[in-house]
Amino acid sequence: MATILTRPTNGVSYGVIHTITATDVSDDLITIDFQNSESLVASVIWTDVNGNVKGNGTDTTSTIITYPADGQVALKSGTGTWVAGDILHVICQTARIV
């Protein structure tokens, strides 16, 4: 399982672009740790190396998003199959309970 450590873009928005590796494909799990204690809500756009969209934030079956801990987002392939070289564009926002 790949764990990507990163920092927030600012105090509210978070983002990372990750190129899928052969290890990511075999493990079928990527955890992105923004190293904070915020609850997050994520959206993912999955593209191939040429920028063709293979799955997006409205197609929840293409990438399964879970939140293993505050400040973390875990990604798993859904109905599609990740290929090494594909790109995951992850954008998060802090989740506020109102």
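Take the sequence shown: its letter number 58 is residue 122 in the working numbering, and every next letter is one higher. Idealized CB from N, CA, C, for every residue including glycine. Bear in mind the structure is a predicted one, so any value in this text is a computation, not a measurement.
Residue Ile96 holds the alpha-carbon nearest to the alpha-carbon of Ala133 among Gly79, Ser77 and Ile96. In the three-state scheme derived from DSSP, where H, G and I count as helix and E and B as strand, Thr87 is classed as helix.
Leu93 sits in coil when the DSSP states are folded into three classes, being neither helix nor strand.
For Ser101, DSSP assigns no beta-bridge partner whatsoever. Annotated three-state conformation of Tyr131 is coil, per DSSP. Residue environment: Ser126 is assigned as buried (16 or more neighbouring CB atoms within 10 Å of its CB, all protein chains considered). Spanning the alpha carbons of Ile151 and Ser101 requires a straight line of approximately 26 Å.
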